[in-house]
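Student:
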Amino acid sequence: MVNRAASRRRIDLRWVGLLPFAVFAGLFLILPTLYIVVGAFRTPQGGFTFQNILDLNTPSIRSAYWVSIKVSFLSALFGCLIGFGMAAAITVGGLPKRIREPLLTFSGVASNFAGVPLAFAFIATIGPAGLITLWLRQDFGINLRAYGWNLLSTPGLIVTYLFFQIPLMVLIITPALDGLRREWREAASILGASAWQYWRMVGLPILFPSLLGTMALLFANAFGAVATAIALTGPSLNIAPILLFAQIRGDVLGSPNLGYALALGMIVITGLANALYIWLRTRSERWLK
Amino acid sequence: MMRVWAWGALLFGCMYFALPLIGMTEFSLSMRRGEYSFDAYRVVLADPRFQATFAYSVVMALVTIAFGVLLVVPTAYWVRLKLPKARPWVEFITLLPLVIPAIVVVFGYIRLYNTSSVLPLTGSVMGTNLLLMFGYATLALPYMYRSVDTGLRTIDVATLTEAAQSLGAGWVTILGRVILPNVLASVLSGAFLTFAIVIGEFTMAALLDRPAFGPYMQILGANRAYEPAALAVIAFGITWACMGLIGLVNRFSRHTQAKR
Numbered sequence: 001m002v003n004r005a006a007s008r009r010r011i012d013l014r015w016v017g018l019l020p021f022a023v024f025a026g027l028f029l030i031l032p033t034l035y036i037v038v039g040a041f042r043t044p045q046g047g048f049t050f051q052n053i054l055d056l057n058t059p060s061i062r063s064a065y066w067v068s069i070k071v072s073f074l075s076a077l078f079g080c081l082i083g084f085g086m087a088a089a090i091t092v093g094g095l096p097k098r099i100r101e102p103l104l105t106f107s108g109v110a111s112n113f114a115g116v117p118l119a120f121a122f123i124a125t126i127g128p129a130g131l132i133t134l135w136l137r138q139d140f141g142i143n144l145r146a147y148g149w150n151l152l153s154t155p156g157l158i159v160t161y162l163f164f165q166i167p168l169m170v171l172i173i174t175p176a177l178d179g180l181r182r183e184w185r186e187a188a189s190i191l192g193a194s195a196w197q198y199w200r201m202v203g204l205p206i207l208f209p210s211l212l213g214t215m216a217l218l219f220a221n222a223f224g225a226v227a228t229a230i231a232l233t234g235p236s237l238n239i240a241p242i243l244l245f246a247q248i249r250g251d252v253l254g255s256p257n258l259g260y261a262l263a264l265g266m267i268v269i270t271g272l273a274n275a276l277y278i279w280l281r282t283r284s285e286r287w288l289k
Numbered sequence: 001m002m003r004v005w006a007w008g009a010l011l012f013g014c015m016y017f018a019l020p021l022i023g024m025t026e027f028s029l030s031m032r033r034g035e036y037s038f039d040a041y042r043v044v045l046a047d048p049r050f051q052a053t054f055a056y057s058v059v060m061a062l063v064t065i066a067f068g069v070l071l072v073v074p075t076a077y078w079v080r081l082k083l084p085k086a087r088p089w090v091e092f093i094t095l096l097p098l099v100i101p102a103i104v105v106v107f108g109y110i111r112l113y114n115t116s117s118v119l120p121l122t123g124s125v126m127g128t129n130l131l132l133m134f135g136y137a138t139l140a141l142p143y144m145y146r147s148v149d150t151g152l153r154t155i156d157v158a159t160l161t162e163a164a165q166s167l168g169a170g171w172v173t174i175l176g177r178v179i180l181p182n183v184l185a186s187v188l189s190g191a192f193l194t195f196a197i198v199i200g201e202f203t204m205a206a207l208l209d210r211p212a213f214g215p216y217m218q219i220l221g222a223n224r225a226y227e228p229a230a231l232a233v234i235a236f237g238i239t240w241a242c243m244g245l246i247g248l249v250n251r252f253s254r255h256t257q258a259k260r
């Protein structure tokens with residue numbers, strides 16, 4: 001009896017070491033999020049309701065989510081394709097070895113170069129008076145505007161987001177490509193497979209969970225981005241993070257609880273994308289370890 | 001054939017990365033009509049609001065780093081040494097800031113710590129600064145924790161602790177003079193990454209209404225033409241410097257480990 005009580009107390013003492021971390025995470029991560037989640041299911045009087053969630057179904061909020069999802073999905077898709085191309089080039093593409101390290105270093109920098117300055121860089125490049133815009137107009141007589149190009153729009157947002165999506169893809173997928181064993185390719189070619197057949201039937205199926213998982217991660221990455229979008233387009237573009245920003249600043253929806261529901265929608269979407277990423281990553285580790 | 005495609009993909013990607021960097025540099029230098037000059041930089045650097053907001057963000061970054069190290073190093077150490085069972089949970093919590101958008105977290109802060117709450121942090125300037133610092137620490141938590149935890153993996157925590165204890169060291173001595181120096185490279189990596197994140201952070205600072213560098217850049221961007229490009233060049237330089245320092249620290253630590 002005495003022994004068991006003593007051992008229990010020792011266990012208790014060990015957990016005390018986690019107290020600072022638990023208090024910090026509780027106060028500044030879990031509780032604030034829970035407050036939003038619970039608020040989404042409450043009436044202004046404090047009762048329980050699903051009305052806030054149902055109220056999200058207005059044309060303006062629906063379109064904000066839809067545009068956000070579209071921008072995030074397309075920037076994730078192109079980021080995946082281009083990033084995979086570059087990562088494949090430096091791993092299995094037979095390029096000189098010394099290109100690899102600088103590209104990975106640069107990817108580390110570029111994937112962290114987001115937010116307000118990134119928007120400035122793109123305004124200075126393909127904005128209305130940007131370097132490429134002027135160059136095309138003066139030297140080739142091509143007026144990008146006449147072709148419907150506008151940086152302050154959804155395509156502009158996608159092009160800008162790609163600047164941090166591509167390097168993130170390169171950083172995540174390069175180790176996966178390194179994990180493709182030389183033996184697999186040799187085995188395939190001994191059995192008479194062409195390079196195309198090897199990729200279609202061996203390489204890509206093994207990489208597929210990694211590719212899809214990384215795409216989910218890139219999606220979540222773009223979906224939560226606020227600063228770049230605001231610096232690029234101001235409050236004019238109707239996407240979910242900008243709408244939430246305006247709601248927090250000045251209750252533009254006219255109901256605090258509707259604001260919580262809007263935020264909850266964002267958590268659900270990024271949460272699902274991340275869950276997909278984690279699930280697919282554990283699957284991909286069966287082969288690539 | 002393969003090699004042609006590889007070069008193609010690489011060149012396309014490099015063009016994509018290079019053009020905005022060239023664009024912003026060129027733009028930042030062309031404030032004076034007809035010739036290149038550093039006028040935009042001169043204007044920005046002389047702006048008292050630039051100096052004030054930049055200094056504010058630097059101080060915030062340093063305080064965040066100090067707090068993050070004090071929180072993460074003992075926690076990660078303790079989990080490795082005494083509570084391996086708790087590791088998946090702690091790791092899960094440290095990854096949550098990557099899942100929950102920063103704008104949602106700060107939304108919660110504003111509602112939870114307003115002037116009529118139990119802990120009215122937003123009621124005073126110092127309280128709001130503190131809240132912003134905790135917010136930044138939350139944003140940096142995934143990177144800091146993973147970095148320190150990776151560092152701890154490379155050393156024998158249990159043996160070092162027992163050796164220190166048998167020589168009569170207390171917990172503070174063990175952490176400060178045995179564990180910390182051994183994982184210093186990882187701590188510094190996490191610190192530089194935290195610096196890069198905090199220095200230009202916009203969402204939290206803007207919504208908590210603090211005069212940080214991120215909101216200043218955004219306001220300047222909405223009102224000026226050439227100065228924002230100069231700021232972008234400066235910000236890119238800072239990010240580059242932080243990543244460069246991380247690389248340097250890692251190379252240096254690998255070097256010393258090889259000697260041992």
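Protein sequence lines, in the order shown, are assigned to chains A and B.
Here UniProt numbering is used: the first residue of the first sequence is 1, the next is one more, and so on.
Here UniProt numbering is used: the first residue of the second sequence is 1, the next is one more, and so on.
Glycine included, every Cβ here is placed at the ideal spot set by N, Cα and C.
Note that this is a predicted model, so its numbers are computed, not measured.
Name the two residues that bound the continuous alpha helix (DSSP H) containing Q247 of chain A.
Tutor: As a working mapping, residue 247 of chain A is identified with position 247 in the first sequence. Run containing Q247 of chain A: A240 to G250, per the alpha helix (DSSP H) assignment.
Student: By Cβ distance below 7 Å, which residues in the same chain neighbour A229 of chain A in space, the five residues on each side in sequence not counted?
Tutor: Along the first sequence, one-based indexing puts residue 229 of chain A at 229. So the list reads L157, L237, I239, P241 and I242, once near-sequence residues are dropped.
Student: Could you list which residues in chain A have their beta carbon closer than 9 Å to that of M144 of chain B, in chain order?
Tutor: The sequence position of residue 144 of chain B within the second sequence is 144, counting from 1. Per Cβ cutoff of 9 Å: no residues; M144 of chain B is ~12 Å from chain A at best.
Student: Within 10 Å of its beta-carbon, does residue 271 of chain B have 16 or more other beta-carbons around it, so buried, or fewer, so exposed?
Tutor: With chain B covering only 1 through 260, there is no way to say anything about residue 271 of chain B.
Student: Assuming S189 of chain B and S147 of chain B make a contact with CB atoms under 8 Å, what is their CB distance in whole Å?
Tutor: Counting from 1 along the second sequence, the entry for residue 189 of chain B is found at position 189. Counting from 1 along the second sequence, the entry for residue 147 of chain B is found at position 147. 5 Å between Cβ atoms; contact.
Student: Please report the straight-line C-alpha distance between R281 of chain A and P209 of chain A, rounded to a whole angstrom.
Tutor: Here the question's residue 281 of chain A lines up with position 281 in the first sequence. Here the question's residue 209 of chain A lines up with position 209 in the first sequence. Approximately 7 Å between the Cα atoms of the pair.
Student: If you follow the alpha helix (DSSP H) that S147 of chain B is in, where does it begin and where does it stop?
Tutor: Residue mapping note: residue 147 of chain B aligns to position 147 of the second sequence, counting from 1. Its alpha helix (DSSP H) spans residues V125 to R153.
Student: So, does the CB of L188 of chain B fall closer than 8 Å to a CB anywhere in chain A?
Tutor: Within the second sequence, the letter at position 188 stands for residue 188 of chain B. Closer than 8 Å: no.
Student: For F48 of chain A, which residues does DSSP report across the bridge?
Tutor: Locating residue 48 of chain A in the first sequence gives position 48, where the first residue counts as 1. Here F48 of chain A is bridged, per DSSP, to A:R42.
Student: Three or more beta-carbon pairs under 8 Å between the stretch 46 to 58 of chain B and the stretch 201 to 214 of chain B, yes or no?
Tutor: Touching, yes.
Student: Can you tell me the Cα-Cα spacing of L27 of chain A and R283 of chain A, whole angstroms?
Tutor: Mapped onto the first sequence, residue 27 of chain A falls at position 27. Mapped onto the first sequence, residue 283 of chain A falls at position 283. L27 of chain A and R283 of chain A: Cα-Cα distance of roughly 34 Å.
Student: Is there contact here, the stretch 131 to 150 of chain A with the stretch 180 to 195 of chain A, by at least three beta-carbon pairs under 8 Å?
Tutor: no
Student: If you drop the 5 nearest sequence neighbours on each side, which residues of the same chain put their C-beta closer than 6 Å to that of V178 of chain B?
Tutor: The residue labelled residue 178 of chain B in the question sits at position 178 within the second sequence. Counting only Cβ-Cβ distances below 6 Å, and skipping sequence neighbours, we find L160 and A164.
Student: Flag N52 of chain A as yes if its beta-carbon sits less than 8 Å from any beta-carbon of chain B, otherwise no.
Tutor: Counted from its first residue, the first sequence places residue 52 of chain A at position 52. With 8 Å as the cut-off, N52 of chain A does not count as an interface residue toward chain B.
Student: According to the neighbour-count rule (16 or more other Cβ atoms, all chains shown, within 10 Å of its Cβ), is A185 of chain B buried or exposed?
Tutor: Sequence index remark: in the second sequence, residue 185 of chain B carries index 185 (1-based). It is buried - the Cβ of A185 of chain B has at least 16 other Cβ atoms within 10 Å.
Student: Which residue's Cα is closest to the Cα of A86 of chain B: A:V170, A:Y198 and A:L18?
Tutor: For this step, residue 86 of chain B is matched to residue 86 along the second sequence. Checked all of A:V170, A:Y198 and A:L18; the closest Cα to A86 of chain B is A:L18.
Student: Could you give the DSSP three-state label for K259 of chain B: helix, strand or coil?
Tutor: For the purposes of this step, residue 259 of chain B is identified with residue 259 of the second sequence, where counting begins at 1. With a pLDDT of only 46 at K259 of chain B, under the threshold of 50, the placement of this residue in the model should not be trusted; the figure read from the coordinates follows. K259 of chain B: helix per DSSP, three-state reduction.
Student: When burial is assigned at 16 or more other CB atoms within 10 Å of the CB, is A258 of chain B buried or exposed?
Tutor: Position 258 of the second sequence, counted from the start, is the residue given in the question as residue 258 of chain B. Low local confidence applies: a pLDDT of 48 at A258 of chain B is under 50, so the model's placement there is unreliable, and no value is given.
Student: Using the Cα positions of I269 of chain A and P128 of chain A, report the straight-line distance between them to the nearest angstrom.
Tutor: In the first sequence, residue 269 of chain A corresponds to position 269, counting from 1. In the first sequence, residue 128 of chain A corresponds to position 128, counting from 1. Roughly 33 Å separates the two Cα atoms.
Student: Can you grab the Cα-Cα spacing for the pair W171 of chain B / G151 of chain B, in whole Å?
Tutor: Translated into the one-based positions of the second sequence, residue 171 of chain B becomes position 171. Translated into the one-based positions of the second sequence, residue 151 of chain B becomes position 151. One C-alpha to the other measures close to 19 Å.
Student: What residue does the alpha helix (DSSP H) around T228 of chain A start on, and which one ends it?
Tutor: The count along the first sequence starts at 1 and reaches residue 228 of chain A at position 228. For T228 of chain A, the enclosing alpha helix (DSSP H) covers residues A227 to T233.
Student: Using a Cβ-Cβ distance cut-off of 8 Å, determine whether F28 of chain A contacts chain B.
Tutor: What you label residue 28 of chain A is simply residue 28 of the first sequence in a count that begins at 1. Interface residue, yes.
Student: Is the separation between the beta-carbon of T128 of chain B and that of L119 of chain B shorter than 8 Å?
Tutor: Residue 128 of chain B sits at position 128 when you count from the first residue of the second sequence. Residue 119 of chain B sits at position 119 when you count from the first residue of the second sequence. In this structure, L119 of chain B does not lie closer than 8 Å to T128 of chain B by Cβ.
Student: In chain A, which residues lie less than 8 Å from T203 of chain B when you measure between Cβ atoms?
Tutor: Translated into positions along the second sequence, residue 203 of chain B becomes position 203. Chain-order list of chain A residues neighbouring T203 of chain B: V226, A227 and F245, by C-beta distance under 8 Å.
Student: In this structure, does DSSP put L19 of chain B in helix, strand or coil?
Tutor: On the second sequence, residue 19 of chain B is found 19 positions in, with the first residue counted as 1. Looking at L19 of chain B - three-state DSSP - the assignment turns out to be helix.
Student: Would M1 of chain A pass as an interface residue toward chain B - the criterion being a Cβ-Cβ separation below 8 Å?
Tutor: Numbered from its first residue, the first sequence carries residue 1 of chain A at position 1. No answer about M1 of chain A holds up, because its pLDDT of 45 lies below 50 and its placement is not dependable.
Student: What residues of chain B sit near Y161 of chain A, judged by a beta carbon separation below 8 Å?
Tutor: As a working mapping, residue 161 of chain A is identified with position 161 in the first sequence. None at all; the shortest Cβ gap to chain B is about 12 Å.
Student: Spatial neighbours of E35 of chain B within its chain, please: C-beta separation below 8 Å, excluding the five flanking residues on both sides.
Tutor: Here the question's residue 35 of chain B lines up with position 35 in the second sequence. Taken in chain order, the list of residues that qualify is empty.
Student: Using Cβ-Cβ distances below 8 Å, what residues of the stretch 122 to 149 of chain A are close to chain B?
Tutor: Cβ contacts with chain B: F122, I123, A124, T125, I126, A129, G130, L131 and I132.
Student: Starting from the beta carbon of A16 of chain B, find every residue of chain A whose beta carbon is closer than 8 Å, and list them in chain order.
Tutor: Position 16 of the second sequence, counting from 1, holds the residue named residue 16 of chain B. Note that residue 16 of chain B is Tyr in the sequence shown, not Ala. Within 8 Å Cβ-Cβ: I82, L162, F163 and I166.
Student: Rounded to whole angstroms, what's the CA-CA distance from M1 of chain A to G179 of chain A? Just pull it up for me.
Tutor: If you number the first sequence from 1, residue 1 of chain A lands on position 1. If you number the first sequence from 1, residue 179 of chain A lands on position 179. Caution is warranted here: a pLDDT of 45 is assigned to M1 of chain A, below 50, making its placement in the model unreliable, and no coordinate value can be reported.
Student: Taking the Cβ atom as the reference point for each residue, do F92 of chain B and A137 of chain B lie within a distance shorter than 8 Å?
Tutor: Here residue 92 of chain B is taken as the residue at index 92 of the second sequence, counted from 1. Here residue 137 of chain B is taken as the residue at index 137 of the second sequence, counted from 1. Contact flag unset, no.
Student: Just confirm the distance between the C-beta atoms of V106 of chain B and T203 of chain B, as a whole number of angstroms; I'd bet it's less than 8 Å.
Tutor: Counting from one through the second sequence, the residue named residue 106 of chain B turns up at place 106. Counting from one through the second sequence, the residue named residue 203 of chain B turns up at place 203. So it is a contact: roughly 6 Å between Cβ atoms.
Student: Taking Cβ positions only, does L258 of chain A come closer than 8 Å to chain B?
Tutor: Sequence index remark: in the first sequence, residue 258 of chain A carries index 258 (1-based). No - not a single Cβ of chain B is within 8 Å of the one on L258 of chain A.
Student: Pull up the CB-CB distance for A230 of chain B and A40 of chain B, whole angstroms please, since I reckon it's below 8 Å.
Tutor: The residue you call residue 230 of chain B lines up with position 230 of the second sequence. The residue you call residue 40 of chain B lines up with position 40 of the second sequence. Contact flag correct, Cβ pair sits at about 4 Å.
Student: Hey, is the stretch 242 to 256 of chain A in contact with the stretch 203 to 223 of chain A, meaning 3+ C-beta pairs nearer than 8 Å?
Tutor: no
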